[in-house]
Structures are given as C-alpha cells and as structure tokens.
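Student: Just so you know, we're using this note's numbering here: the sequence shown kicks off at 65 and counts up by one. We treat Cβ as the ideally placed atom computed from N, Cα and C, and that holds for glycine. In this text, all values refer to a predicted model and were calculated from it rather than measured experimentally. Dropping a structure here in structure tokens format, bear with me for questions.
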Amino acid sequence: MSLKKRLIVTFLLLLILPLAMTFLLAFISRQTLDEGRFGIMPEGMVQLTVFQAVVTLVLIITTTGLVLVIWLYRSIIRPLNLLTVATNKIKDGDLDFSLPTEPESTDELEQLCEDFEEMRIQLKKQIDARLQYEKDTIELISNISHDLKTPLTAIKGYTEGILDGVADTPEKQNKYLKTIYTKASDMAVLVDELSFFSKIDTNIVPYNFKIFCADDFFDDCVEEMSLDTEVKNVTLDYISKLTAGQRIIADLEQLRRVMNNLIGNSVKYMDKESGSIVILSEDIGDFVKISVQDNGRGIEEKDIPYIFDRFYRADSSRNSKKGGSGLGLAITKKIVEDHGGTIDVRSIPGKGTCISFTLLKEGSPNAALELGEISDTDYGKKRWPWSENKMHLKPKE
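Below you can see the structure in the form of structure tokens.
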C-alpha cells in the first residue's frame, strides 16, 4: 500500500472508529435507560453508566491510535532506519551490504529503499572499476618502464661503443647504428601504442566510416603484410566465402590497425618452423565475419577470458623476448565494438588460435543506428594490378 493510502486510511479510522463506538454506546445507553423496558433507574446508576461510556470511549480512541501508530511505525520508521544505517555504512566506506527490499512494491518508502540499493550496487561497481583501473595503471607503468629500459640500455651501450672507439670499422659502426635504429623504433611503437590506447579508451578518436569492397581490402592487407611474414617463414593467405563485390562498413585506417594487430600477434607467437596464417571471410546475415587463424603455439584455456583485457599478458614474464605492452588486443576489441561488431577467440594449445570479429555489411539495418552517417568511397571500385588475375584460395573440404 502506498504512503498516501496509508495516511488516508489512518485518518479515516481515527475519525470513523471513535464515532462509530460513540453511537454504539449511545444506543446501548438509550436501551438501558428506556423506562418502558427497564423501569426507572437510580440516579447513581445513571451516573455510573455515563462514566463507563466515557471511559470506554477513551479506551477505544487510545487503542485505535496505538494500533495505527504501530502500523505507521512499521511502514515508515523501519525503512527510514534502514536507510539511516545504510547511509552511515556508505559514509564509512562500507559498500558490502544489501538492503532488504520488496520487489514491485507500491510503497514509496520501499521504492526508495530499492532505488537506494541500486545506487549502492552501481556505486560499488564504479569504485571497483576505479580501483582496478588504478591497479592496471600501476602495472602498465611498471611494464612500460621495463620495456623501455631494455632498448634504452641497448641504445646507450651501442652509443658508448661508437664514442669509445669499440666500433673501429665501418662494418661495426654500421651494425651498431642499425641496432640503435631498431631499438629506437621499438620504443616508438610502444609509445605510439600507449598514446593511441589512451585516446581510444576516452573515445576521442574520430572514426571516418566508409563503404568498400571487403575482398579488395583484405587482398590488399595480404599483399602488404605477406612480405614481412615470409621473411619469418610464415605464409599468409586469404580465403573468401563472400559473394563477389560484397561491401562492408568500416574505418579503413582503424580496420587496418586491427588486422596488423591480429596478424602481428600470430607471427609474434608462432612456434612452428613453417608457420601459416589464414584470413577467412564469411557472410553471416547482416554482418561479415572475419577470422584470423594460425598454427602457432595457441593460448591456454585459463588465459582466454582475459586476453582482451588491457595490459594483460598470457606470458607474464617480463624477460620474454616477445615484448609488447599488452594493449594490442584491447585496442582491437575496442575498435571492433566501436564498429558495431563483436570479437571472440578459440584456441587449442600447441595447435593454433582463431580470433574472429564481425563488421556491418552495406545495407545492414543496424548500420544507421550504430554508425550514423556513412560516406561512400572509391576504395574497392577499382581493382589493383596485382589482384586482377588473383584467384582466392578455396577452403579445404
């Protein structure tokens, strides 16, 4: 019952019950004093009857008021006491409690308690998220410090070697300078990745969505990155199951970053002498599904739920030669989700990993809702010379 109805009922009961009992007593007294039925009563007996009526009326009013006060106390004061206790706990920093509530209650105070409980839950989530963020930030600083210290030490050492005359031949000097350049490039990659993640995490990276041919884009990616993968004895292929000319919606630059991250990870953790990476595209309704599959070392089952968490590393050893800040897959996941898609991973340790994500197709009913205004582009309207006669690989049966 709502608080308004409780107050109305209380007022009516306080008004009606005493009046009803008064009329009842008056009726009884009239019957008692009826001379035709009982005869003439002594004067003292009449006074006694009136006194009893007054006392009874007072008792009725008192009892009615007491019952109504107890009823109102239980329905009003009790929730207020619960809120007071809860407020004091929050003031002391204690959020590990819960308020007893009655779901779907029409009582305003019960609804207030329910809203307060929802506020506590949200506040606890925000505080936990902030504490986790601070923990991740501390870990990031530690990881980045270690990753920057290694190339800085190498740069310092090779520079001193040149200055001290250790590199006394043109060949040695050239080798030292190449090493310094490589280490400086590694540092630049780490700094750029960290800078980009801070921007994308705060949603200040502008997206420039385009509509373009999926096959042309992924052909381009394979052609561009296959030179780097072949040097490391890893083959890179593209298998298309899309209809000819299927167009998708994405930011070209950010989608290329996604592909670079996924392919780069596959190459980085490849443990086979002859590595293989396959990009597979499939039509799944309103979306195109892109899968990057490799035959590398795979991911342990216990690590799979966390690989998209920022700063997470399946290989926690900082002595690993693989490097990286643990931000690549977190960036990839954020970009895919900002495109209105989803991303997931399947892996078998020792056999390989498959990371799949989805992109909106041209004409998808979700496109306008998720991405707003989308501009067309010339990308994909022409074929590159190297792809004119290129046949897509057919999947094995």
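Assuming D280 is part of the alpha helix (DSSP H), what are its boundary residues?
Tutor: Working through the sequence shown from its first residue, we reach residue 280 at position 216. Note, D280: alpha helix (DSSP H), 278-295.
Student: In whole angstroms, what separates the C-alpha of F421 from that of T406?
Tutor: To locate residue 421, count along the sequence shown from 1; it is residue 357. To locate residue 406, count along the sequence shown from 1; it is residue 342. Answer to the nearest angstrom: the Cα atoms are 5 Å apart.
Student: Return the first residue and the last residue of the beta strand (DSSP E) that S330 is part of.
Tutor: Stepping through the sequence shown from its first residue, residue 330 is reached at position 266. It is not in any beta strand (DSSP E) - S330 instead sits in the alpha helix (DSSP H) that spans 316-332.
Student: Which of the three DSSP states, helix, strand or coil, is assigned to G392?
Tutor: Here residue 392 corresponds to residue number 328 of the sequence shown, with the count starting at 1. In the structure shown, G392 sits in a helix (DSSP, three-state: H, G or I).
Student: Note down, in chain order, each residue of its chain lying with its Cβ closer than 6 Å to the Cβ of S290, except the 5 sequence neighbours on either side.
Tutor: On the sequence shown, residue 290 is found 226 positions in, with the first residue counted as 1. Excluding residues within five positions, the ones whose Cβ falls inside 6 Å are L300.
Student: Measure from the alpha carbon of I395 to the alpha carbon of each residue in T165, S262, G229, then state which is nearest.
Tutor: Locating residue 395 in the sequence shown gives position 331, counting from the first residue. Measuring from the Cα of I395, the nearest candidate turns out to be S262.
Student: Mind checking who Y302 pairs with in its DSSP beta bridge?
Tutor: Start at 1 with the first residue of the sequence shown, and residue 302 comes out as number 238. I343, per the DSSP bridge assignment.
Student: Three-state secondary structure (DSSP) at T165?
Tutor: The residue given as residue 165 occupies position 101 in the sequence shown. Reduced to three states, the DSSP call for T165 is coil.
Student: In the DSSP assignment, find the unbroken alpha helix (DSSP H) run with T201 in it and report its ends.
Tutor: Position 137 of the sequence shown, counted from the start, is the residue given in the question as residue 201. Judged by DSSP secondary structure, T201 falls within the alpha helix (DSSP H) whose first and last residues are 172-227.
Student: Could you name the residues of the same chain whose beta carbon sits closer than 7 Å to that of D408, not counting the 5 residues immediately before and after it, in chain order?
Tutor: Position 344 of the sequence shown, counted from the first residue, corresponds to residue 408. Taken in chain order, the residues that qualify are S420.
Student: Short check: CB of C418 to CB of S355, under 8 Å?
Tutor: One-based indexing of the sequence shown puts residue 418 at position 354. One-based indexing of the sequence shown puts residue 355 at position 291. In contact: C418 and S355 (Cβ atoms closer than 8 Å).
Student: May I ask you to report which of helix, strand or coil DSSP gives G129?
Tutor: Here residue 129 refers to the residue found at position 65 when the sequence shown is read from its first residue. In the structure shown, G129 sits in a helix (DSSP, three-state: H, G or I).
Student: Can you give me the C-alpha to C-alpha distance between Y302 and D347, rounded to a whole angstrom?
Tutor: Counting from 1 along the sequence shown, the entry for residue 302 is found at position 238. Counting from 1 along the sequence shown, the entry for residue 347 is found at position 283. Near 15 Å, if we compare the C-alpha coordinates of D347 and Y302.
Student: How many angstroms separate the CA atom of Q310 from the CA atom of K353?
Tutor: In the sequence shown, counting from the first residue as 1, residue 310 sits at position 246. In the sequence shown, counting from the first residue as 1, residue 353 sits at position 289. Looking at the two C-alpha atoms, the distance is approximately 12 Å.
Student: So what does DSSP say about L423, is it helix, strand or coil?
Tutor: Translated into positions along the sequence shown, residue 423 becomes position 359. Under the three-state reduction of DSSP output, L423 falls in the strand class.
Student: So, does the segment 149-162 touch the segment 123-130, judging by three or more C-beta pairs under 8 Å?
Tutor: Flag = no, the segment 149-162 and the segment 123-130 do not touch.
Student: Helix, strand or coil: which one does DSSP assign to F273?
Tutor: Counting from 1 along the sequence shown, the entry for residue 273 is found at position 209. Residue state, collapsed to three classes: strand.
Student: Assuming contact is defined by CB atoms lying nearer than 8 Å, are L136 and A150 in contact in what I supplied?
Tutor: Taking the sequence shown and counting its residues from 1, one reaches residue 136 at position 72. Taking the sequence shown and counting its residues from 1, one reaches residue 150 at position 86. Contact flag unset, no.
Student: Name the DSSP beta bridge partners of G416, please?
Tutor: Residue numbering aside, residue 416 sits at position 352 when the sequence shown is read from its first letter. Answer by DSSP bridge pairing, in chain order: I412.
Student: Does the distance from the C-beta atom of I399 to that of V322 stay below 8 Å?
Tutor: The count along the sequence shown starts at 1 and reaches residue 399 at position 335. The count along the sequence shown starts at 1 and reaches residue 322 at position 258. Yes.
Student: Could you tell me the distance, in whole angstroms, from the CA atom of A193 to the CA atom of K366?
Tutor: Sequence index remark: in the sequence shown, residue 193 carries index 129 (1-based). Sequence index remark: in the sequence shown, residue 366 carries index 302 (1-based). Near 22 Å, if we compare the C-alpha coordinates of K366 and A193.
Student: Does H403 pass the burial test, meaning 16 or more other C-beta atoms within 10 Å, or should it be called exposed?
Tutor: What you label residue 403 is simply residue 339 of the sequence shown in a count that begins at 1. Result: buried.
Student: Can you list, in chain order, the residues of its chain whose CB lies under 7 Å from that of K247, leaving out five sequence neighbours each side?
Tutor: The residue given as residue 247 occupies position 183 in the sequence shown. If we look at K247 and ignore the five residues flanking it on each side, its Cβ neighbours are P215, A218, I219.
Student: Comparing C-alpha positions only, which one of Y370, G392, E401, G328 sits nearest to E257?
Tutor: Reading the sequence shown from its first residue, position 193 is the one you call residue 257. Among Y370, G392, E401, G328, the Cα nearest to that of E257 is on G392.
Student: Write down the C-beta distance between G328 and G416 rounded to the nearest angstrom, noting that I regard them as a contact closer than 8 Å.
Tutor: As a position in the sequence shown, residue 328 is number 264, starting the count at 1. As a position in the sequence shown, residue 416 is number 352, starting the count at 1. At roughly 16 Å, the Cβ-Cβ gap does not stay under 8 Å, so G328 and G416 are not in contact.
Student: If F351 sits next to K296, beta carbons under 8 Å apart, how far is it from one beta carbon to the other, in whole angstroms?
Tutor: Taking the sequence shown and counting its residues from 1, the one referred to as residue 351 is at position 287. Taking the sequence shown and counting its residues from 1, the one referred to as residue 296 is at position 232. With a Cβ gap of about 32 Å, F351 and K296 do not count as contacting.
Student: Which of helix, strand or coil does DSSP assign to V356?
Tutor: Stepping through the sequence shown from its first residue, residue 356 is reached at position 292. Strand.
Student: So the alpha helix (DSSP H) A231 belongs to, where does it begin and stop?
Tutor: Locating residue 231 in the sequence shown gives position 167, where the first residue counts as 1. First-last for A231: undefined, no H or E at that position.
Student: I need the straight-line Cα distance from E317 to K274, nearest angstrom please.
Tutor: Position 253 of the sequence shown, counted from the first residue, corresponds to residue 317. Position 210 of the sequence shown, counted from the first residue, corresponds to residue 274. Each residue's alpha carbon lies about 10 Å from the other.
Student: Would you call K213 buried or exposed, if buried means 16 or more other Cβ atoms sit within 10 Å of its Cβ?
Tutor: Indexing the sequence shown from 1 puts residue 213 at position 149. So K213 counts as exposed.
Student: So N359 and S340 are in contact, right, with Cβ under 8 Å, and what is the actual spacing, rounded?
Tutor: To locate residue 359, count along the sequence shown from 1; it is residue 295. To locate residue 340, count along the sequence shown from 1; it is residue 276. Contact flag correct, Cβ pair sits at about 5 Å.
Student: Could you check the C-alpha separation between Q357 and E181 for me, to the nearest Å?
Tutor: Working through the sequence shown from its first residue, we reach residue 357 at position 293. Working through the sequence shown from its first residue, we reach residue 181 at position 117. Taking the straight line from one Cα to the other gives about 46 Å.
Student: How long is the line joining the alpha carbons of Q196 and S259, rounded to whole angstroms?
Tutor: Locating residue 196 in the sequence shown gives position 132, where the first residue counts as 1. Locating residue 259 in the sequence shown gives position 195, where the first residue counts as 1. So the alpha carbons of these two residues sit roughly 20 Å apart.
Student: Determine the direct distance from the alpha carbon of K199 to that of I368, and round the result to whole angstroms.
Tutor: Residue mapping note: residue 368 aligns to position 304 of the sequence shown, counting from 1. Residue mapping note: residue 199 aligns to position 135 of the sequence shown, counting from 1. Distance between the alpha carbons of I368 and K199: 21 Å.
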